[in-house]
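Residue numbers (full-length UniProt numbering), protein chains in the order written: chain A, 1 to 198; chain B, 1 to 198. What follows is a single structure, written as structure tokens, with notes after it.
2 protein chains.
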Amino acid sequence: MRDENKVLRQTQIECAAYELLELKGYAGTSMQGIARKARASNETLYNWYGDKRGLFTALVTRNAAEVRSLLETELSAGGDAITTLGLLAPKLLELLLGNRAIALNRAAAADPTGELGAAISQAGRETVLPLLEQVLETARRDGQLKFDRPTEAAGLFLDLLVGDFQIRRVIGRLPAPDREFCETRSALAVARFCQLLS
Amino acid sequence: MRDENKVLRQTQIECAAYELLELKGYAGTSMQGIARKARASNETLYNWYGDKRGLFTALVTRNAAEVRSLLETELSAGGDAITTLGLLAPKLLELLLGNRAIALNRAAAADPTGELGAAISQAGRETVLPLLEQVLETARRDGQLKFDRPTEAAGLFLDLLVGDFQIRRVIGRLPAPDREFCETRSALAVARFCQLLS
DNA sequence: TCAAAGGCGTAATTTGTGTTACGGTTGCTT
DNA sequence: AAGCAACCGTAACACAAATTACGCCTTTGA
Numbered sequence: 001m002r003d004e005n006k007v008l009r010q011t012q013i014e015c016a017a018y019e020l021l022e023l024k025g026y027a028g029t030s031m032q033g034i035a036r037k038a039r040a041s042n043e044t045l046y047n048w049y050g051d052k053r054g055l056f057t058a059l060v061t062r063n064a065a066e067v068r069s070l071l072e073t074e075l076s077a078g079g080d081a082i083t084t085l086g087l088l089a090p091k092l093l094e095l096l097l098g099n100r101a102i103a104l105n106r107a108a109a110a111d112p113t114g115e116l117g118a119a120i121s122q123a124g125r126e127t128v129l130p131l132l133e134q135v136l137e138t139a140r141r142d143g144q145l146k147f148d149r150p151t152e153a154a155g156l157f158l159d160l161l162v163g164d165f166q167i168r169r170v171i172g173r174l175p176a177p178d179r180e181f182c183e184t185r186s187a188l189a190v191a192r193f194c195q196l197l198s
Numbered sequence: 001m002r003d004e005n006k007v008l009r010q011t012q013i014e015c016a017a018y019e020l021l022e023l024k025g026y027a028g029t030s031m032q033g034i035a036r037k038a039r040a041s042n043e044t045l046y047n048w049y050g051d052k053r054g055l056f057t058a059l060v061t062r063n064a065a066e067v068r069s070l071l072e073t074e075l076s077a078g079g080d081a082i083t084t085l086g087l088l089a090p091k092l093l094e095l096l097l098g099n100r101a102i103a104l105n106r107a108a109a110a111d112p113t114g115e116l117g118a119a120i121s122q123a124g125r126e127t128v129l130p131l132l133e134q135v136l137e138t139a140r141r142d143g144q145l146k147f148d149r150p151t152e153a154a155g156l157f158l159d160l161l162v163g164d165f166q167i168r169r170v171i172g173r174l175p176a177p178d179r180e181f182c183e184t185r186s187a188l189a190v191a192r193f194c195q196l197l198s
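Next comes the structure, spelled out in structure tokens:
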């Protein structure tokens, strides 16, 4: 099989996996179900991904690469650090609270080994935080913010921006946020953040 | 069976359920496993709780009653509102991030019907928030805080106190917090909260 | 064009679970 | 003490899923 064909097939398989994961949760999503939906065979899935958890780990990895790519695009647009933060925040919120991310977090919650959780965390928060820190360091250098520890400052920003929305999404108590919600919440988070650190 | 014996038996069954839930997650916890561990029979579990979800809903309800009871005890101790908040917060944090609460949130994340999530939310956040609002109203009346909407103010406090710790606990990336962590985090949350609303 | 690799559709194996049922025992009430 | 309800330990039933295996077909590369 040619590489580009394999990539296409994997994308189809992974889309099928997301559909079932979002609909039925991790326990309710079977390899057989994914194979059927993607018109692939069980044997191929096991050959390509190792086992069920391997397939879902691949979903995490791919999702995180997209998040990172988008954030890096925003960062390379340049401009004033606080403005960058304000543009970045709604997009980050949409991604973190989007259906796919939430479905993956649910899978991690259901995985008793903690491996999916580790994958999500390394690929998610632990990737986002250093990028955020970069923005905040710039703001500090420009005299816009005052703080001692960049990691703590970035954590505070995530508290104000994200708070407990993720867990409420994960347990099914909130719908996916719309664009307007993300913009409003972001603006408020940036304002409060600056109030605390100016 | 006498009432007090039934209560005792139920407590034993529920402890067994927690042990397995914390160890194996929701999907990995079977009614047979709980029955075996609690030396009860399947038939009794189904008679008393209806079905698997019914048993876990009972766990949620009981856990929430304990949270509420503890918070009401703190509230009835009286005293200055901000001080009350500072005393309440570490206890609330310990409860929200404790092993049992996290295990129940994992169960809710794994439940595709959303019923456990609804039960947890009603019994948890949606119970805590009005109690918090009472404290904040007092602080406002005493001239300690300024805000327009109590629900929003209480939500801000939870953002600063809890942030995204729950989801990070649920996906297995954080251990249960110790007393010192809860005190430190609470003090910081109260200070920042007051800085934002004074 | 041809041979080999591997992907598909299907089935098999093994294991486990939700739920119900049953005979014997225990606890409770009169 | 006797009788009845219900609890325990065990088994049965029906179903599902993870994973492996197999024959046939399609794709790839030389």
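Don't be surprised by glycine CBs; every beta carbon is placed ideally from N, CA and C. Here the structure is a predicted model, which means the values were calculated and not measured.
{"Check": "Contact with chain B by D142/A, beta-carbon distance below 8 Å", "Outcome": "no"}
{"Check": "Exposure label - E94/A; buried when at least 16 CB within 10 Å", "Outcome": "buried"}
{"Check": "Cross-chain neighbours of K52/A in chain B, by beta carbon under 9 Å", "Outcome": "Simply none; closest approach about 12 Å."}
{"Check": "C-alpha gap between A27/B and L55/B, whole angstroms", "Outcome": "14 Å"}
{"Check": "Proximity of S121/B and I171/A at Cβ, strictly below 8 Å", "Outcome": "yes"}
{"Check": "Rounded straight-line distance, which links the Cα of E22/A to that of C15/A", "Outcome": "11 Å"}
{"Check": "Contact list for Y18/B against chain A, beta-carbon separation under 7 Å", "Outcome": "Going along chain A, no residue has its Cβ under 7 Å from Y18/B, so there is no contact; the nearest lies around 14 Å."}
{"Check": "Where T29/A falls, given that 16 or more other Cβ within 10 Å makes a residue buried", "Outcome": "buried"}
{"Check": "Given S41/A as reference, the closest of F157/A, Q10/A, G25/A once Cα atoms are compared", "Outcome": "Q10/A"}
{"Check": "Inter-stretch contact at 8 Å, needing at least 3 Cβ pairs: the segment 148 to 155 of chain A / the segment 148 to 161 of chain B", "Outcome": "no"}
{"Check": "Endpoints, alpha helix (DSSP H) assigned at Q32/A", "Outcome": "31 to 38"}
{"Check": "Short-range partners of chain A found in the segment 96 to 113 of chain B, where Cβ spacing is below 7 Å", "Outcome": "N105, R106, A108, A109, A110, P112"}
{"Check": "Residue range of the unbroken alpha helix (DSSP H) whose run includes A154/A", "Outcome": "150 to 162"}
{"Check": "Euclidean distance between Cα positions of R169/A and L85/B", "Outcome": "27 Å"}
{"Check": "Three-state secondary structure assigned by DSSP to S198/A", "Outcome": "coil"}
{"Check": "L87/A to D80/A span [Cα, whole Å]", "Outcome": "11 Å"}
{"Check": "Contact list for S198/B against chain A, beta-carbon separation under 9 Å", "Outcome": "Chain A residues near S198/B: none, gap ~11 Å exceeds 9 Å."}
{"Check": "Neighbour list for L93/B in chain A, Cβ cutoff strictly below 8 Å", "Outcome": "Residues of chain A passing the Cβ test: none, with the nearest at roughly 12 Å."}
{"Check": "Chain-ordered neighbours of Y26/B on chain A, where CB pairs are closer than 8 Å", "Outcome": "A27, A110"}
{"Check": "Opening and closing residue of the alpha helix (DSSP H) in which D3/A lies", "Outcome": "3 to 24"}
{"Check": "Short CB-CB distance (under 8 Å) between V60/A and chain B", "Outcome": "no"}
{"Check": "Per-residue burial, N105/A [other beta carbons within 10 Å of its own, 16 or more giving buried]", "Outcome": "buried"}
{"Check": "Segment limits, alpha helix (DSSP H) that includes F56/B", "Outcome": "52 to 76"}
{"Check": "Beta-carbon contacts of V60/B that lie in its chain and below 7 Å, excluding the five residues immediately before and after", "Outcome": "L104, L116, A119, I120, A123"}
{"Check": "Contact set between the segment 155 to 188 of chain A and chain B, restricted to residues whose Cβ is under 8 Å from the partner", "Outcome": "G155, L156, L158, D159, L160, V162, G163, D164, Q166, I167, R168, V170, I171, G172, R173"}
{"Check": "A109/A to C182/B span [Cα, whole Å]", "Outcome": "23 Å"}
{"Check": "Straight-line Cα distance separating E43/B from P177/A", "Outcome": "43 Å"}
{"Check": "Alpha carbon of A107/B to alpha carbon of V190/A, nearest angstrom", "Outcome": "34 Å"}
{"Check": "Residues in the segment 120 to 137 of chain A having any Cβ partner in chain B nearer than 8 Å", "Outcome": "I120, S121, R125"}
{"Check": "Chain B contact residues for R192/A, given Cβ-Cβ distances below 7 Å", "Outcome": "L196"}
{"Check": "Pick from G114/A, R36/A, R173/A, T83/A that is closest to L136/A, judged by C-alpha positions", "Outcome": "T83/A"}
{"Check": "Reduced DSSP category for F181/A - H, G, I as helix; E, B as strand; rest coil", "Outcome": "helix"}
{"Check": "Residue range of the alpha helix (DSSP H) that includes R141/A", "Outcome": "125 to 141"}
{"Check": "Span separating the alpha-carbon of T184/B from that of P112/B", "Outcome": "36 Å"}
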